[in-house]
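Trainee: One structure, pasted below without further comment.
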Amino acid sequence: MTAIDLTFALIGSALSALGLFALYQAWKGHPKKRILSYVGWAMLFSALALWAISGGKDRGIALGIIVVSLQALLFVAYQALLDKAPRKKRKAQNPRRISVVEPTGFAVLFKRAGKAVWVSVGCGALSYLTAIGLHEVFWQSGMHASNSLVLALFIFPILWAALSAFSLTSYKPGLKLGTYAVLGGSSAAILCLGNGVL
Amino acid sequence: MLEKIRAKDSSNPSSAKPSLVKRALSAHAVMGISISAVLYIICLSGTISVFKEDIHKLEQNGEPRVESLSPQSAQRAAETGFNAEPTSAHLYIQLPSQGHSRALVQTDNQEHYVDREGELSDSIAHPWSAFLIDLHYYLHLPKSFGMIVVAIFGVFLFAMSISGLLAHPNIFKDAFSFRRSKSEQIKKVDLHNRLSVWTAPFHISNSLTGAMIGLAVLSIAALAPMKYGGDQHAVFAPVFGGEPVIDETPAPMAKIDKALRYMAETHPDKPPVYVILHDPKTAGQYLQIMAEHPRRLIYAEKYNFTGDGEFIDTVGSADGTIGQQVADSVYKVHFGQFGGLPVKLAFGIFGICLLYIITSGLRIYFLKRRNKGRAAPTLEGAWKGLIWGAPALLATSFVASLLLPLSTPLLTRLFWIGVVLAAIAGAILAKQREGRAD
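Residue numbers (my numbering), protein chains in the order written: chain L, 61 to 258; chain A, 53 to 490.
In structure tokens:
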């Protein structure tokens, strides 16, 4: 690391610390909190730009993000120090004795097992099919083979995670089934068309 | 009155928010409960793996320290390394680099340290590191299957990040909130959320890179027959370069020294870290020198040479397509190998934060159950047994491996038996404690 790189890194670190301080003040309810939060975010992004100059376009930004994360944890720790724990140990809350009996019938267990299988295997298979289908789209559109491959490799886990979260979060069966059908159907059709099956 | 309240609720645009938050929280909890135990072990082993090179030095400290290996010594290392296993189809020389003052030569089945003259020294013996890496990469399952299993946990860690963010609509409003003076549950929730949000770049990038690496094998299995005539190696050729054409006619050893001299003269700012020789001592041998680009996240650019040490071209990891650059950056991003010891320490801290996020998540779940009158002391005890037992077992096995000749398979068995026993012991102790309290 040259002296210039080090200077940029130090200025970047100072700027991100100031940016976080501005955000912290805004969070604490400073009268000018709106301006402070804009200034805070602007400083954080400027700090990342300085880190990019200091440590390289991708590596520098990664280093900058690490520094911001560590500094933010220090602010959280500082806030924790301000909010002192009571000297007297809190008496543990007596648990409510109204024991809620969980439904554990065969139908409930079957439903839960089905959901687990769907989230782990079903969503995985659907995201796999969709990722390969999207690869076909990228491939046919003339995208470089390396870009299509790496995009597809990343889309697979991202989509799997998103579909799992969606499956567990959404209570609308129609929306869920529609999404699965559109993703699965269109991907299968694209793959068949692209590979001369149809 | 009730009608009025209902009307008021429906007119409030934020009235739908709690239900989404609640559902996201429920999804977050379901996933957390299902995967936490194994995820904890993967993250624990991953956190320690960041320091694997430093651990190697503790495991084996009699090997020669080599600050730099001259081109002639590298040539000699290649000759002696290959002579030790003349049937090997590959030869690798790991060159010393900043923070790693060791040189190694590897063939298909052997690994040796080399001294500064390029002479073979001790065989590499890192049974505990091998055990640790196998745990993190494969959970000690058969490799190709284990890698997929671990990757699936990466997917669900990422899914938990998504559901966690959905369940946290006041992410900016609560950015620094940590109410230590409040109840145990609020304290845990605050710290769980603060650590999750501020270390999100770390756990999101790590879960995604880990999942991508592990699941790649599945994508390749589909793409190879569709686009590359079934050749799985060819799928990666546009990213990492193709395999050379095999010509097994005997030939002298490739001129590694000449290629290294070329690198020193032409790219003095890009230190070579690896020499890879495909099909050594054949007419089709193909030499690659991997050189670090110190200001990049890429692992290394691959400089291709003929067997005569003539430069051909580069693969394009540094300046090729975005896909090539991203793919080559995955390793360093996942293991925090892009800024020396400070970044490794930061990754260590983030890893510990992630372990805390996992354990506090389950702790919150048990506290909520307890407060609802549905305590699960046995399960809670087993969980405690696991979270204290696993690191204790890793530490104990590490010390034991320094003192006794323990093999990797034996360490593996001891670890898993120990983890199961720790969980059972935790459950029994918790049950006894609960019995006494009643």
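Glycine included, each C-beta is placed from N, C-alpha and C at the ideal position. No experiment lies behind these values; they were computed from the predicted model shown.
Mapping the DSSP letters down to three states, classify A:Leu349 as helix, strand or coil.
Mentor: Within the second sequence, residue 349 of chain A is the residue found at index 297, counting from 1. Residue state, collapsed to three classes: coil.
Trainee: Which same chain residues, not among the five before or five after A:Leu419, have their C-beta less than 8 Å away from its C-beta?
Mentor: Taking the second sequence and counting its residues from 1, the one referred to as residue 419 of chain A is at position 367. Answer for A:Leu419: Glu236, Gln237, Lys240, listed in chain order.
Trainee: Do A:Ser233 and L:Lys144 have their beta-carbon atoms positioned less than 8 Å apart in this structure?
Mentor: As a position in the first sequence, residue 144 of chain L is number 84, starting the count at 1. As a position in the second sequence, residue 233 of chain A is number 181, starting the count at 1. Cβ atoms of L:Lys144 and A:Ser233: closer than 8 Å.
Trainee: Hey, would you say A:Ala268 sits closer than 8 Å to L:Leu213, going by beta carbons?
Mentor: Counted from its first residue, the second sequence places residue 268 of chain A at position 216. Counted from its first residue, the first sequence places residue 213 of chain L at position 153. Yes. Within cutoff.
Trainee: Compute the beta-carbon to beta-carbon distance between L:Ala191 and L:Phe216, rounded to the nearest angstrom, for a pair I have assumed lies under 8 Å.
Mentor: On the first sequence, position 131 is the one that residue 191 of chain L refers to. On the first sequence, position 156 is the one that residue 216 of chain L refers to. Rounded, the Cβ-Cβ distance is 4 Å, consistent with contact.
Trainee: Is the CB of L:Ser224 under 8 Å away from at least one CB in chain A?
Mentor: Within the first sequence, numbered from 1, the residue matching residue 224 of chain L stands at position 164. Answer yes: the Cβ-Cβ gap between L:Ser224 and chain A drops below 8 Å somewhere.
Trainee: At least one CB of chain A closer than 8 Å to the CB of L:Gln200: is that the case?
Mentor: In the first sequence, residue 200 of chain L corresponds to position 140, counting from 1. No, because no Cβ of chain A sits closer than 8 Å to the Cβ of L:Gln200.
Trainee: Identify each residue in the segment 94 to 108 of chain L for which the Cβ-Cβ distance to at least one residue of chain A is less than 7 Å, and report them in chain order.
Mentor: Under the 7 Å Cβ criterion, the segment 94 to 108 of chain L contributes no residue.
Trainee: At what residue ranges does the segment 110 to 183 of chain A contain a whole run of the alpha helix (DSSP H), taking only runs of 4 or more?
Mentor: Segments of the alpha helix (DSSP H) lying fully in the segment 110 to 183 of chain A: 123 to 136.
Trainee: What is the DSSP secondary structure of A:Asp365, counted as helix, strand or coil?
Mentor: Taking the second sequence and counting its residues from 1, the one referred to as residue 365 of chain A is at position 313. It is a strand residue.
Trainee: Below 8 Å on C-beta distance, what does A:Leu260 contact in chain L?
Mentor: Counted from its first residue, the second sequence places residue 260 of chain A at position 208. Within 8 Å Cβ-Cβ: Phe214, Pro217, Ile218.
Trainee: On the criterion of 16 or more Cβ atoms from any shown chain inside 10 Å, does L:Val257 qualify as buried, or is it exposed?
Mentor: Locating residue 257 of chain L in the first sequence gives position 197, where the first residue counts as 1. The residue is exposed, with fewer than 16 neighbouring Cβ atoms inside 10 Å.
Trainee: With DSSP run on the structure shown, which of helix, strand or coil describes A:Ile341?
Mentor: Position 289 of the second sequence, counting from 1, holds the residue named residue 341 of chain A. In this structure, A:Ile341 counts as strand in the three-state DSSP scheme.
Trainee: Taking three-plus beta-carbon pairs below 8 Å as touching, is the segment 299 to 312 of chain A in contact with the segment 117 to 132 of chain A?
Mentor: Flag = yes, the segment 299 to 312 of chain A and the segment 117 to 132 of chain A touch.
Trainee: Under the assumption that A:Gly400 contacts A:Phe183 (Cβ atoms under 8 Å), give the Cβ distance between them as a whole number of angstroms.
Mentor: Walking along the second sequence from the start, residue 400 of chain A turns up at place 348. Walking along the second sequence from the start, residue 183 of chain A turns up at place 131. About 19 Å; that fails the 8 Å criterion.
Trainee: Count the other C-beta atoms from every protein chain shown that fall within 10 angstroms of the C-beta of A:Ile57, then say buried if there are 16 or more, exposed otherwise.
Mentor: For this step, residue 57 of chain A is matched to residue 5 along the second sequence. The predicted model places A:Ile57 with a pLDDT of 39, which falls under 50 and marks its position as unreliable, so this point remains unresolved.
Trainee: Tell me whether A:His386 sits in a helix, a strand or coil according to DSSP, three-state version.
Mentor: Numbered from its first residue, the second sequence carries residue 386 of chain A at position 334. Helix at A:His386.
Trainee: Using the Cβ count rule (16 or more neighbours within 10 Å means buried), how would you classify L:Ser97?
Mentor: For this step, residue 97 of chain L is matched to residue 37 along the first sequence. The residue in question, L:Ser97, is buried, as its Cβ has 16 or more Cβ neighbours within 10 Å.
Trainee: Are the C-beta atoms of L:Ala205 and some chain A residue less than 8 Å apart?
Mentor: Position 145 of the first sequence, counted from the first residue, corresponds to residue 205 of chain L. At least one chain A Cβ lies under 8 Å of L:Ala205.
Trainee: Out of A:Thr430, A:Gln127, A:Asp174, A:Leu445, which one is the CA nearest neighbour of A:Gly487?
Mentor: Working through the second sequence from its first residue, we reach residue 487 of chain A at position 435. Here the closest residue by C-alpha is A:Thr430.
Trainee: Who are the near neighbours of A:Ala286 in its chain, counting only those whose CB is closer than 6 Å to its CB and skipping five residues on each side?
Mentor: Looking up residue 286 of chain A in the second sequence gives position 234. Result list for A:Ala286: Tyr280, in chain order.
Trainee: How many Å lie between L:Met61 and L:Leu123 at the Cα?
Mentor: As a working note, residue 61 of chain L is residue 1 in the first sequence. As a working note, residue 123 of chain L is residue 63 in the first sequence. The alpha-carbon atoms of L:Met61 and L:Leu123 are separated by roughly 13 Å.
Trainee: Is L:His195 close to chain A? Criterion is C-beta to C-beta, closer than 8 Å.
Mentor: In the first sequence, counting from the first residue as 1, residue 195 of chain L sits at position 135. Yes, its Cβ sits closer than 8 Å to a Cβ of chain A.
Trainee: Output, in sequence order along the chain, the residues in the segment 236 to 249 of chain A whose CB is closer than 7 Å to any CB in chain L.
Mentor: Under the 7 Å Cβ criterion, the segment 236 to 249 of chain A contributes Arg246.
Trainee: Using three-state DSSP, classify L:Val257 as helix, strand or coil.
Mentor: Position 197 of the first sequence, counted from the first residue, corresponds to residue 257 of chain L. Three-state result, L:Val257: coil.
Trainee: Quick one: what's got a C-beta closer than 6 Å to A:Tyr383's C-beta in the same chain, skipping five residues either side?
Mentor: What you label residue 383 of chain A is simply residue 331 of the second sequence in a count that begins at 1. Within the same chain, A:Tyr383 has close Cβ partners Tyr351.
Trainee: With 7 Å as the limit, tell me which residues of the segment 111 to 129 of chain L have their beta carbon closer than that to any beta carbon of chain A; keep them in chain order.
Mentor: The segment 111 to 129 of chain L vs chain A, Cβ under 7 Å: Gly115, Gly116, Asp118, Arg119, Ala122, Leu123, Ile125, Ile126, Ser129.
Trainee: Using only alpha-carbon positions, find the residue among A:Arg347, A:His244, A:Gly478, A:Gln376 that is nearest to A:Cys405.
Mentor: Along the second sequence, read from residue 1 onward, the residue named residue 405 of chain A stands at position 353. It is A:His244.
Trainee: When we look at the beta-carbon of A:Arg246 and count the other beta-carbons within 10 Å, is it buried (16 or more) or exposed?
Mentor: As a first step, residue 246 of chain A must be located in the second sequence, where it is residue number 194. Counting Cβ neighbours within 10 Å, A:Arg246 comes out buried, since at least 16 surround it.
Trainee: Measure from the alpha carbon of A:Gly266 to the alpha carbon of each residue in A:Tyr92, A:Arg154, A:Ala203, then state which is nearest.
Mentor: Against the second sequence, residue 266 of chain A aligns to sequence position 214. Nearest C-alpha to A:Gly266: A:Ala203.
Trainee: Note the first and the last residue of the continuous alpha helix (DSSP H) segment covering L:Tyr138.
Mentor: Taking the first sequence and counting its residues from 1, the one referred to as residue 138 of chain L is at position 78. Segment 119 to 142, the alpha helix (DSSP H) holding L:Tyr138.
Trainee: Are the segment 72 to 82 of chain A and the segment 216 to 232 of chain A touching, with three or more C-beta to C-beta distances below 8 Å?
Mentor: These segments touch.
Trainee: Starting from L:Ala74, find everything on chain A with Cβ-Cβ shorter than 9 Å and list it in chain order.
Mentor: Locating residue 74 of chain L in the first sequence gives position 14, counting from the first residue. None at all; the shortest Cβ gap to chain A is about 17 Å.
Trainee: Do A:Ser259 and A:Leu209 have their CB atoms nearer than 8 Å?
Mentor: Along the second sequence, read from residue 1 onward, the residue named residue 259 of chain A stands at position 207. Along the second sequence, read from residue 1 onward, the residue named residue 209 of chain A stands at position 157. Their beta carbons are under 8 Å apart, which means A:Ser259 touches A:Leu209 by this criterion.
Trainee: Could you tell me which of L:Ala248, L:Phe166, L:Val127 sits nearest to L:His195, measuring between CA atoms?
Mentor: Sequence index remark: in the first sequence, residue 195 of chain L carries index 135 (1-based). Among L:Ala248, L:Phe166, L:Val127, the Cα nearest to that of L:His195 is on L:Ala248.
Trainee: My guess is that A:Gly413 and A:Ala479 are in contact by the Cβ rule of under 8 Å, so how many angstroms apart are they, rounded?
Mentor: If you number the second sequence from 1, residue 413 of chain A lands on position 361. If you number the second sequence from 1, residue 479 of chain A lands on position 427. The Cβ separation is near 19 Å, so there is no contact.
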